[in-house]
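Peer 1: Heads up: the sequence lines are chains A and B, in that order. Here numbering that gives the first Met the number 0 is used: the first residue of the first sequence is 0, the next is one more, and so on. Here numbering that gives the first Met the number 0 is used: the first residue of the second sequence is 0, the next is one more, and so on. The structure that follows is given in the form of structure tokens.
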Amino acid sequence: MSALILIELNGSEVNASSRAAITAASQLSDSIDALVLTNDSSNSESVSKLAGINSVKMIVDDSLENVNVEVASKLIADAMSGYKYLVSGSSTYSKNILPRVGALLDVQPISDVCEIKSNNTFVRPLYAGNIMATVESSDETIIMTVRATAFEHSGDGGSAEVEILSTSIPASNSTFISLQESQSERPELTTAARIVSGGRGLGSKENFALIEQLADKLDAAVGASRAAVDAGFISNDYQVGQTGKVVAPQLYLAVGISGAIQHLAGMKDSQVIVVINNDPDAPMSRMADLVWQTDLFGALKELNEYQV
Amino acid sequence: MKIIIPIKRVLDPYTQARVNKQTEQVDLTNAKMAMNPFCEIAVEEALTLKESGAASETIAVSIGTGKTVDTLRTALAMGVDRAIFIKTESELDLQPLHIGKILANIIKREEAELIIMGKQAVDNDNNQTGQILSGLLDYSLGTFISKFDLSSDASSVEVSREIDSGIETRKLNLPAIVTVDLRLNEPRYASLPNIMKARSKPLETIELDSLGIDTSPRIKVISVVESGTKDRASKQINSAEELFSELNQMGVL
């Protein structure tokens, strides 16, 4: 009952979510192989030293640098012969590709697995994590993505052998044009250790800069409630919540956010929650480990001026 | 060019999902339902293409029991030309692979070249159906798009995709499926006159059983629990100094 991990590379480094996938797969199988689609065979180095991997299978072709999903899904479906499990981290890379592999293999994939109960039973979130469901798959082959925050990130220390698969790259109906990498100096919202998030209470786009200032001071990412986004204080790629991004940082500092259900759903798993608000009855305050009930502008000024 | 917009009726996203302790399943009895927010964005994009003259017809498709018609009427009131309702006899636990097979059947019948749909539904959060559908039809696929430009000869689209590392731009030859992200557009509201007008727009009902698709569950939901938003023992603080000192003690700075 062997498992294949679809490895995602950032440059030549193995993505953290792929390391979580290895840990998850180790609970399902004692024979784990890694599959890498890449344009550069020297990328085998970082993959072959992953702990817990038997062998690394690589498909190498110039066209795989910015692989398109039509090609990737066919290559992965072919490589799945003989494997019971296909596991990958929950990233946009895997979420794009794995369901299409499922279609090609007639398998219903399982998204965002947070816990493994048995060889075919898993826990996954519904309703942005407000509900946790235990689900049982009856498919012969199991395809799943796992939440990177729910499993340890497997380290290095292995020395797996590398096999370059000789395969022809199928024709495709889409072409890569460009990648505009995020330029923000701040940490990325979904993986940040700390987030400072602002709500409607900030009152204006100009005032929202106080949130950004505090975020920079704490080396934190910036977040926002839907109300702040709808009011035009900040663009909606900063939105935390059910229809925005789901986050679970070590520190979530919420300023002027009342705590609509859909916002709480997106941040409730944060380790420490700090709420700064002048409304003692705001639902957000009940979620807080620390509450500073005060005028938020006074608080932001004091925090931004405080010498750490 | 025909555009098909698959849409889903879900629990209103501003309502808390509750669990029925007896059945150990999500309780939707008497719950307020709405169109999945990502589907509204898909509808808006299709309507913009129709208004620009690039699309000849927009068709909304949904699958479910009788009440699903309400959601299709909402799409019609927003401006979609016609609707196809795939009717199920009871609340079936249809999974993305089933939905994909049903939609593939309808898309082939309609010979639609462009499918615009939400990247995920906010109830089951699978984020799978568009990808699965593209695999079943062997259509090109653009997921999580925040920008959409149809070529002047309508043979391809250029899409910007919101991915973890930034924004990726790709050209997709038609036929294609795109799944939309939040930033693509601001969906319109249906005006009262349009709500009235929607009542007389064509809505075709197809019995799911007549399509001959195997809908036996691949995944069984054994139980669900509310993970809920647990109240925490909130400690009051009163100064920046106090806050930083607490956070340092907690080791989160």
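Virtual Cβ for every residue (Gly too), placed ideally from N, Cα, C. Nothing here was measured: the structure is a model prediction, and the numbers come from that model.
In chain A, which residues lie less than 8 Å from Q94 (chain B) when you measure between Cβ atoms?
Peer 2: Per Cβ cutoff of 8 Å: Q107.
Peer 1: In the DSSP assignment, find the beta strand (DSSP E) that holds G52 (chain B) and state where it starts and stops.
Peer 2: Taken as a continuous stretch (DSSP letters only), G52 (chain B) belongs to no beta strand (DSSP E), as it is neither H nor E.
Peer 1: Using beta carbons (cut-off 7 Å, strictly below), is P98 (chain A) in contact with chain B?
Peer 2: At least one chain B Cβ lies under 7 Å of P98 (chain A).
Peer 1: What does L103 (chain A) touch in chain B if you count any residue whose Cβ is under 8 Å from its own?
Peer 2: What L103 (chain A) touches in chain B: G134.
Peer 1: Could you tell me which residues DSSP puts in a beta bridge with D69 (chain B)?
Peer 2: None, per the DSSP bridge assignment.
Peer 1: Determine, for N38 (chain A), whether the minimum Cβ-Cβ distance to residues of chain B falls below 7 Å.
Peer 2: No, no contact with chain B.
Peer 1: Where L5 (chain A) and A247 (chain A) are concerned, what is the direct C-alpha to C-alpha distance, given to the nearest angstrom?
Peer 2: About 24 Å.
Peer 1: Would you tell me roughly how many angstroms separate the C-alpha atoms of S93 (chain A) and E225 (chain B), rounded to the nearest one?
Peer 2: In a straight line, the C-alpha of S93 (chain A) is about 27 Å away from that of E225 (chain B).
Peer 1: Name the DSSP bridge partner or partners of L299 (chain A)?
Peer 2: L299 (chain A) pairs with nothing; no bridge assigned.
Peer 1: State the beta-bridge partners of S63 (chain B) as determined by DSSP.
Peer 2: Before going further, note that residue 63 (chain B) is Gly rather than Ser in the sequence given. DSSP lists B:K86 as partners of G63 (chain B).
Peer 1: What residues of chain B sit near D138 (chain A), judged by a beta carbon separation below 7 Å?
Peer 2: Those are R217, listed as they occur along chain B.
Peer 1: Compute the distance between the beta-carbons of D138 (chain A) and R108 (chain B), then report whether it is under 7 Å.
Peer 2: Not closer than 7 Å, so no.
Peer 1: In angstroms with no decimal places, state the Cα-to-Cα distance between E216 (chain A) and G243 (chain A).
Peer 2: Sequence inspection shows Lys at residue 216 (chain A); the Glu mentioned does not correspond to that position. Each residue's alpha carbon lies about 24 Å from the other.
Peer 1: Beta-carbon of Q212 (chain A) versus every beta-carbon of chain B: anything under 7 Å?
Peer 2: So no, Q212 (chain A) is outside the interface.
Peer 1: Can you give me the C-alpha to C-alpha distance between G258 (chain A) and V121 (chain B), rounded to a whole angstrom?
Peer 2: Between G258 (chain A) and V121 (chain B), the C-alpha separation is close to 18 Å.
Peer 1: A281 (chain A) CB to nearest chain B CB: under 7 Å?
Peer 2: Taking Cβ atoms only, chain B never reaches closer than 7 Å to A281 (chain A), which makes this a no.
Peer 1: Give me the residue from A:P186, A:I233, A:D229 with the minimum Cα distance to L209 (chain A).
Peer 2: For the residues A:P186, A:I233, A:D229, the minimum Cα distance to L209 (chain A) belongs to A:I233.
Peer 1: Name, going along the chain, the residues of the region 114 to 127 of chain B whose beta-carbon falls closer than 8 Å to a beta-carbon of chain A.
Peer 2: If the cut-off is 8 Å between Cβ atoms, the region 114 to 127 of chain B has V121, D122, N123, D124, N125, N126, Q127 near chain A.
Peer 1: Would you report the Cα separation of V68 (chain B) and H97 (chain B), rounded to the nearest angstrom?
Peer 2: Looking at the two C-alpha atoms, the distance is approximately 20 Å.
Peer 1: Taking buried to mean at least 16 other C-beta atoms within 10 Å of its own C-beta, is M143 (chain A) buried or exposed?
Peer 2: By the neighbour-count rule (16 or more Cβ atoms within 10 Å), M143 (chain A) is buried.
Peer 1: Does any residue of chain A bring its CB to less than 7 Å from the CB of S154 (chain B)?
Peer 2: Judged by the 7 Å Cβ criterion, S154 (chain B) is not in contact with chain A.
Peer 1: How long is the line joining the alpha carbons of T37 (chain A) and K73 (chain A), rounded to whole angstroms?
Peer 2: Answer to the nearest angstrom: the Cα atoms are 15 Å apart.
Peer 1: Enumerate, from N- to C-terminal direction, the unbroken beta strand (DSSP E) stretches of 3 or more residues contained entirely within the region 73 to 148 of chain A.
Peer 2: Within the region 73 to 148 of chain A, the complete beta strand (DSSP E) runs of at least 3 residues are 84 to 88, 109 to 112, 114 to 117, 120 to 125, 130 to 136, 141 to 145.
Peer 1: Under 7 Å between beta-carbons, which chain A residues line up against M249 (chain B)? List them in chain order, please.
Peer 2: Those within 7 Å of M249 (chain B) in chain A are V271.
Peer 1: Would you check if the region 75 to 92 of chain B and the region 55 to 65 of chain B touch, i.e. whether three or more CB-CB distances between them fall below 8 Å?
Peer 2: Yes, the region 55 to 65 of chain B touches the region 75 to 92 of chain B.
Peer 1: Find the residues of chain A that neighbour K170 (chain B), judging by a C-beta separation of less than 9 Å, and give them in chain order.
Peer 2: Within chain A, the residues near K170 (chain B) are S173, T174, F175, I176.
Peer 1: Identify each residue in the region 132 to 159 of chain A for which the Cβ-Cβ distance to at least one residue of chain B is less than 8 Å, and report them in chain order.
Peer 2: Listed in sequence order: A132, T133, V134, E135, S136, S137, D138.
Peer 1: If you draw a straight line from the C-alpha of A16 (chain B) to the C-alpha of L10 (chain B), how long is it?
Peer 2: Answer to the nearest angstrom: the Cα atoms are 8 Å apart.
Peer 1: Residues in its own chain within less than 7 Å of L104 (chain A) by CB, not counting five upstream and five downstream?
Peer 2: A76, M79, T140, listed in sequence order.
Peer 1: Going along chain A in order, which residues have a C-beta closer than 9 Å to the C-beta of F143 (chain B)?
Peer 2: Near F143 (chain B) (Cβ distances below 9 Å), the residues of chain A are T91, K94, N95.
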